[in-house]
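K.L.:
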Amino acid sequence: MTYRLDEAVIPSGSDVPVEPLRRAAHFTGEPGCIAAARAFAGDFLEQLRTQWCASIGARSDGAVLLVVSELVTNADRHSEGPYVLELEGTDTSLTVSVYDSSATLPRVFPRDPQRVGRHGLEIVRALALEVGVERVPVGKRVRAVLDLAGD
Numbered sequence: 006m007t008y009r010l011d012e013a014v015i016p017s018g019s020d021v022p023v024e025p026l027r028r029a030a031h032f033t034g035e036p037g038c039i040a041a042a043r044a045f046a047g048d049f050l051e052q053l054r055t056q057w058c059a060s061i062g063a064r065s066d067g068a069v070l071l072v073v074s075e076l077v078t079n080a081d082r083h084s085e086g087p088y089v090l091e092l093e094g095t096d097t098s099l100t101v102s103v104y105d106s107s108a109t110l111p112r113v114f115p116r117d118p119q120r121v122g123r124h125g126l127e128i129v130r131a132l133a134l135e136v137g138v139e140r141v142p143v144g145k146r147v148r149a150v151l152d153l154a155g156d
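Per my numbering, the sequence shown runs over residues 6 to 156.
(1) What is the DSSP secondary structure of ARG54, reduced to helix, strand or coil?
(2) Which runs of the alpha helix (DSSP H), 4 residues or longer, sit entirely within the segment 27-99?
(3) For CYS81, does the count of other Cβ atoms within 10 angstroms reach 16, so buried, or fall short, so exposed?
(4) Quick one: is LEU151 buried, meaning 16 or more other Cβ sit within 10 Å of its Cβ, or exposed?
(5) Out of LEU70, ARG112, GLU35 and VAL136, point me to the one whose CA is closest to GLU85's CA.
(6) Take GLY47 as the anchor and find which of ARG120, PRO118, GLU93 and ARG146 has the nearest alpha-carbon.
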């Protein structure tokens, strides 16, 4: 049961979902896909707030949108086809997974402030609790787990 007090949701404890919230979106690489992926992630965060009663602060909100931007941009630039953004979250964590058709695993470059570009995965690693890359039958999956409770 959820109680409302001056439009604020107050969870009673018995109304928190058991299964994580999951959503996925397919992108073709057309212009505007990266912005659409960010909007999709923003809507997902709002669903976590309402359905999971997650208190997600501005810092975590920004980190999720930045990770989504970086991973989707990499898929857009380095794959030869469509890609899928999959989000899975609870009140304390969110997993961002991007599947694309390229079997080439991303490279992590050493820190170099003089380098122009190629900082995307470095940024994701700085923001996420865990980052993983694996080949899948149709290409690869890049996965980042973020802490939402750290604000």
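Think of the CB as a built atom: it goes at the ideal place given N, C-alpha and C, for glycine as much as any other residue.
P.N.:
Well, looking at it:
(1) helix
(2) 38-56 and 63-83
(3) The amino acid occupying residue 81 in the given sequence is Asp; Cys does not appear at that position. Looking at its Cβ environment, which holds 16 or more other Cβ atoms inside 10 Å, ASP81 is buried.
(4) buried
(5) GLU35
(6) GLU93
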